[in-house]
Structures are given as structure tokens and as C-alpha cells.
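The next block holds one structure in the form of C-alpha cells; read it before the comments.
Protein chains in written order, with this note's numbering: chain A, 1 to 221; chain R, 1 to 177.
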């Protein structure tokens, strides 16, 4: 019966870049609400959704939208509806990664979260980046987390890449949030990462990280 | 009525947990010969125990009691009259009831209900989008509950301050004297 359900059809037929039809904003919001239901009920939908395949099909397709595909909701042109879906995808990953995600799919999860955390993508506003950081906390703080698999992404998540300069990573994001509660949430994410990585976190110091840049980022955050 | 109306036993199963005045005891075991009051306590503790689970595990907890097939339902009314509704012996009525249920809860109805729930409870509303645009961090903190908890704490402090005798604030150690 679920296969005949319209929400199932929506979920199994994500829009793609080749999809030329212009999507109504109401459809975007409804799509977000459907993903919200999926986010809230990972246990109920455990047998119906293959999250590992979603990481390769549905979620990248939703994240690949650019601005013109979705019409803006408000007169403000900076508010693009892609942010709504991108935030939802981050929350979806955070809810499902601890429920149904194979070990082999973990690098895919980290890559998707990095694409949501980076400031280089203009579609990532503060909320999308904060949601990605929260999802990262969920991905790191669970039983099947392998520190060695995460080691290659540690620098990018904590302090960002060189291309992102001082704005990248969770520590770079701290400088952009104003509320103390939001900053404390990010501190909590860093705390969880350091706790789970244990002594491996010191490898970030052995990398070719500019010490001045690191010190400057800590001061700003 | 119970023997003539095929849907009556369904209404009993729906009403029984929430109608302690009508029926004192509900047993889901077949041919239960044990003390009904003991079983009632077990039954209630099962329902109450469900509430103590964290939200993430409530589905697992709540799915357990309903997965076990119930072949019969015994009902003890106020006057200690025992009513036994045997499903196996009333296959025709069970089939009729299930047909009625399938008519009511068809695919289209369930689809409409799902869309209704999505549109009323899970969808982002215009104030959400405006708040996102005006102050994203504030909205994000509100929707995740962080600011609400802080505000609740402040509200408790304000209520306590209002309840406190102001003389204590002037002389905080006055109760020692």
C-alpha cells in the first residue's frame, strides 16, 4: 500500500537537474514536510527506506538544486528556497545516520555534510551550516563511529580547508554566530568530536596547518 | 447487541482501555483462568510502562503489545458478567468487520489523512520563513528548543522573585534572627 502512496512517489522520485519543470514554492514546502516526517520516524520507516541508497540518489539530487529551480518565497531575493531543502537534508542525515547506515556509507555521509558545512557554497546560510554541524554531532556520537575513517575529514570539519580561509569548519562558523546558545552548540559539537577522536585529534597539529591561521580562528571564535 | 452486531467487538476493543467504569478488566490472553485483577495490573503496567520510555524508543515499546495476535477477548463487566468474544468462532463477522475497515481506511483515505497531517503539523509556515529571514540564528534556536528552555528558566526565576517576600531581598539573612 505504501508504494501507492503519493508521499512515497514523491520520495522515490526526487527532482533532478534534468527536470525542467519549475517547481511551485508550495511544492517545495510540502516536499520539506514529507522529508520532515521521514526525519521524525526513522524507526517506523526502517524497513521501507534504504538509507544507504538514499545517500547516493535522493539526497545528492536534492542537494544539487540551484537557485533558479526553486522560486523564492519572499520578496527578498537572497532568501532562496534551496536552503529549506538543504537544511532538511542535513537534519535527515543526522536522524538516520545512527539508525540505519552501513559503515561503508560513512565517508559518503561525511562528504555530504561537508558540502553542507562549507561557506564556499552560497546556498549554505548559517542555519544550513548549523544543521550540518548538528548532524555531524549525531554521526560522530554513535556506536558504529570509526575514528580512523573520520580522520581524513577531521581538518575539514574542524577548521576547514585552505580555500575557505578563516570561515570554514565548525570553528570558523563560531565566528559568524552571534547568539551564545548557538556558539555553545558548536562548542558541544567540537567537544564530541574531540572526545570520540581521542588522541587522534592531535594529528591535526601534525598536518600542514598554518599555525597563525589556526590561532587567528581560535581568537575569532 | 454484542452477538448481533459484527462490529461490536471492535468497538469494545477500542473503548475498553479508556472505559474503566464500564468494564473492570480486559484480558488479552486466551482462556485466561488467573485472577483478573492481577492481569489488570499487568495490563495497566504495560501501558504505563510505555510512557516511561524515551521518545526515540516509544515505537519499539508500543509496537510490542499489538504485534501479538489476540485470538479472544474476555470482558468482565461491573456485574461480574463474563462476556467472551471468540474471534475464531465468528469468522464471518470478523471478515465482515475487516471488510468494513478496508472500506473506511482505503488507500485514498490514508493518503488524504497523511497529507492533512503533513499540512497541519509538519509543514513550514510563513512566520517560520519570515523568522528565518529576519533572524536565522534566533529562529534556529527557537525551533530546536534551546531558547525556549532558557526562557522557561528565566520565567521560573521571575515567578520565584515575585513570590519571594521582598523584605528578604533587603535583608537576606533576616530569617536567621
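Note that beta-carbon positions come from the ideal geometry of N, C-alpha and C, so glycine has one too.
Every value quoted in this text rests on a predicted model; they were computed, and no experiment measured them.
Residue 142 (chain A) carries a coil assignment under DSSP once its states are collapsed to helix, strand and coil. Three or more pairs of CB atoms, one per stretch, sit closer than 8 Å, so the stretch 123-134 of chain R contacts the stretch 24-38 of chain A. DSSP places residue 148 (chain A) in the uninterrupted alpha helix (DSSP H) bounded by 147-158.
Residue state for residue 43 (chain A) is assigned as coil, using DSSP reduced to three classes.
Here residue 162 (chain A) is exposed: its Cβ has fewer than 16 other Cβ atoms, across all protein chains shown, within 10 Å. Within its own chain, the residues whose Cβ lies closer than 8 Å to the Cβ of residue 154 (chain A), once the five positions on either side in sequence are excluded, are 193, 197, 200, 201, 203, 204, listed in chain order. Among the CB atoms of chain R, one or more fall inside 8 Å of the CB of residue 126 (chain A). In the three-state DSSP reduction, residue 136 (chain A) falls in the helix class (H, G or I). Contact annotation for residue 37 (chain A) against chain R: 118, 122 [CB-CB distance below 7 Å, chain order]. Of all residues in the stretch 121-152 of chain A, those with a C-beta nearer than 7 Å to a C-beta of chain R are 125, 126, 127, 130, reading in chain order. C-alpha of residue 105 (chain R) to C-alpha of residue 112 (chain R): approximately 10 Å in a straight line.
Here the alpha carbon of residue 116 (chain R) sits roughly 42 Å from the alpha carbon of residue 167 (chain A). Taking a contact as a CB-CB distance under 8 Å, the pair residue 159 (chain A) and residue 190 (chain A) does not count as one, their CB atoms being some 10 Å apart. With respect to the C-alpha of residue 61 (chain A), the residue from A:86, A:45, A:81 having the closest C-alpha is A:86. Here residue 83 (chain A) really is in contact with residue 128 (chain A); their C-beta atoms are around 6 Å apart, less than 8 Å.
For residue 130 (chain R), the uninterrupted alpha helix (DSSP H) run begins and ends at 126-134, by DSSP.
Listed along chain A are 179, each with a C-beta nearer than 8 Å to that of residue 138 (chain R). Close to residue 113 (chain R), with beta-carbon spacing below 8 Å, lies no residue of chain A; the smallest spacing is near 11 Å.
No Cβ of chain A is located within less than 8 Å of the beta carbon of residue 101 (chain R). Excluding its 5 nearest sequence neighbours in each direction, residue 42 (chain A) has C-beta neighbours in its own chain below 7 Å: 95, 96, 99, 100, listed in chain order. Three or more Cβ pairs closer than 8 Å define a contact, and the stretch 51-60 of chain A falls short of that threshold against the stretch 135-143 of chain R. Looking from the CA of residue 111 (chain A), the closest CA among A:165, A:152, A:125, A:172 belongs to A:152.
Contact annotation: residue 118 (chain R) and residue 33 (chain A) have beta-carbon atoms nearer than 8 Å. By the criterion of a C-beta distance shorter than 8 Å, residue 142 (chain A) is surrounded in its chain by 97, 98, once the five residues flanking it on both sides are discounted. Around the beta carbon of residue 144 (chain A), a 10 Å sphere encloses fewer than 16 other beta carbons of the protein chains shown; the residue is thus reported as exposed. Interface criterion not met: the Cβ of residue 48 (chain A) is under 8 Å from no Cβ in chain R. Interface criterion met: the Cβ of residue 30 (chain A) is under 8 Å from a Cβ in chain R.
When Cβ-Cβ separations below 8 Å define contact, residue 182 (chain A) makes contact with chain R. In this structure residue 164 (chain A) is not in contact with residue 134 (chain A), their Cβ atoms being roughly 19 Å apart against a cut-off of 8 Å. The continuous stretches of alpha helix (DSSP H) do not include residue 123 (chain A), and DSSP gives it neither H nor E. Not one beta carbon of chain R lies nearer than 8 Å to the beta carbon of residue 193 (chain A). In the DSSP annotation of this structure, the continuous segment of the alpha helix (DSSP H) that includes residue 100 (chain R) starts and ends at 91-104. With contacts defined as CB atoms closer than 8 Å, residue 113 (chain A) and residue 92 (chain A) fail to qualify as a contacting pair. Taking a contact as a CB-CB distance under 8 Å, the pair residue 90 (chain A) and residue 120 (chain A) does not count as one, their CB atoms being some 16 Å apart.
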